[in-house]
Amino acid sequence: MDKPNYIKNYTLDKLEILIQDFGFEKYRASQVFSGLYVDRIDNFKDIKTLPPKLRELLIDTFRINSLEISKIRKSEDGSIKYLFKLFDGKQIETVYMPWYDETDGEIERVTLCISSMAGCPVECAFCATGTLGFQRNLTSGEIIDQILFVEKDLGIKVTNIVFMGMGEPLLNYNNVVNTIDILTLPKNNLLRRKKITLSTVGITAKIKHLALSKNPVKLAISLHATTNGFREKIIPMAKGIQLNALMESIEYYYRKTRIPVTYEYIPFENYNDTEEDAKRLAKILKRVPSRVNIIPFNDISFTGAVGFSNKLKPTPKDKILEFGLKVRHYGGAVTIRDTFGTDIEAACGQLALSEGA
Ligand code: SAH
Ligand code: SF4
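Just so you know, we're using my numbering here: the sequence shown kicks off at 67 and counts up by one.
This is the structure we're talking about:
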């Protein structure tokens, strides 16, 4: 099946070149962008500012929408998981998470957890997406449409996005960077750079590239270990990304961008939740301005994962608190996270296309 030519794969610069190749003025590309991202048209015919001949050329050349909603599940805590179908039948997931103001109960911000790949090649032992293996990279259009489709379906505006759905965003670097470029274009009025968080296992070369890119965003580093030995057990790719090299790339990122870093850390009982781990974690945290989110391990037994995955058990809640306090005692900044959406398997690392009941 031929890959559709989605218009939302194109940054403004690239579209300007294409439209000039069609024989039209450069500013026509901005009119197309307004139609797509401000007016949210579904058909090029509706961009009335364009000459009819150009509208026809666009209709013949591009497709606008790249996703189809195949399932929606709502959680008791207000989060909603969308299962989207891509043109080639692959499926991806996106999770809507509202945050309520404690005083008046109004929604104060809306975070969307988006996918950058179908499946994931990194295959972390604790992650449901990893059990799917790598299927393919998403195009920029497919990433952007996750936001536009949810906004349309719920009639809301997304205020924050996190690349914490399926896939390793830094292994789909070009498409992810182009996505950020389109999303943060001021006239599109979609998102500000500071409202975007990219979560990664830490592809060091790409962290450095991102530091020098036009739009560096907040980094969340999935650390989950304080020794190379344990990290390699749970993140096979960590064999090629030793902690020293990872820390060096994070220091580089901070030096170039001055954006504080967030670390993510899942305590696994008796593996990475000891006093020594707390001490080492605090030491890591102090290398650049940062904070660690301690995340409870979400059950992935529904995937039928085997091998080392079966040995991993969540540290009990009271022990997680104790661990967090120790890290704080040794000088690290700590947030202990509750989980969103566990009743619908929409929490982090549970995105593996479970259809549920
Ligand atoms: N590939 C990127 C982003 C997607 S995973 C990354 O790994 O950072 C998003 C977050 O969910 C990561 O921090 C990941 O470590 C975490 N995660 C994966 N499986 C999990 C699980 N079973 N329980 C809790 N968090 C999990
Ligand atoms: Fe991929 Fe991130 Fe899951 Fe690891 S935790 S398998 S990198 S999605």
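Every residue gets a Cβ at the ideal spot worked out from N, C-alpha and C, and that includes glycine.
Nothing here was measured: the structure is a model prediction, and the numbers come from that model.
In this structure, residue 331 places its C-beta atom within 8 Å of the C-beta atom of residue 360. Remark: the C-beta of residue 145 is outside contact range of the ligand SAH, defined as less than 7 Å to any heavy atom.
Excluding its 5 nearest sequence neighbours in each direction, residue 348 has C-beta neighbours in its own chain below 6 Å: 393, 396, 397 and 398, listed in chain order. Separation of residue 149 and residue 249 (C-alpha to C-alpha, rounded to the nearest whole angstrom) is 22 Å.
Of the candidates 201, 262, 134 and 111, the residue whose Cα lies closest to the Cα of residue 126 is 111. At the C-beta level, residue 213 and residue 262 stay beyond 8 Å of one another. For the pair residue 151 and residue 267, the Cα-to-Cα distance works out to about 26 Å. In terms of CA proximity to residue 239, 279 leads the group 190, 279, 294 and 374. Residue pairing by DSSP places residue 117 in no beta bridge whatsoever. If you draw a straight line from the Cα of residue 314 to the Cα of residue 363, it comes to about 27 Å. The alpha carbon of residue 320 has as its nearest neighbour, out of 273, 227 and 154, the alpha carbon of 273.
For residue 373, the distance from the CB to the nearest heavy atom of the ligand SAH is not below 7 Å. Contiguous beta strand (DSSP E) elements confined to the stretch 283-339 occur at 284-288 and 327-331, taking only those with 3 or more residues.
A contact between stretches requires three or more CB pairs, one per stretch, nearer than 8 Å, and the stretch 94-111 fails this requirement with the stretch 230-237. For residue 74, the CB contacts under 6 Å within the same chain, skipping 5 residues up- and downstream, are 207 and 210 in chain order. Under DSSP, residue 183 shares a beta bridge with 203. Put simply, of 254, 380, 381 and 307 the residue whose alpha carbon is nearest the alpha carbon of residue 77 is 254.
If you compare the alpha carbons of 326, 139 and 251 with that of residue 277, the shortest gap goes to 326. Excluding the 5 residues flanking it on each side, residue 355 has same chain C-beta neighbours closer than 8 Å at 320, 326 and 327, in chain order.
Here residue 224 is near residue 178, since their CB atoms are less than 8 Å apart. Remark: the shortest separation between the CB of residue 390 and any heavy atom of the ligand SF4 does not fall under 7 Å. The C-alpha of residue 311 lies about 11 Å from the C-alpha of residue 318.
Bounds of the beta strand (DSSP E) holding residue 228 are 226-229. For residue 267, the distance from the CB to the nearest heavy atom of the ligand SF4 is below 7 Å. Under the three-state reduction of DSSP output, residue 237 falls in the helix class. DSSP places residue 263 in the uninterrupted beta strand (DSSP E) bounded by 262-266. Counting only the Cα atoms, residue 299 lies some 21 Å from residue 286.
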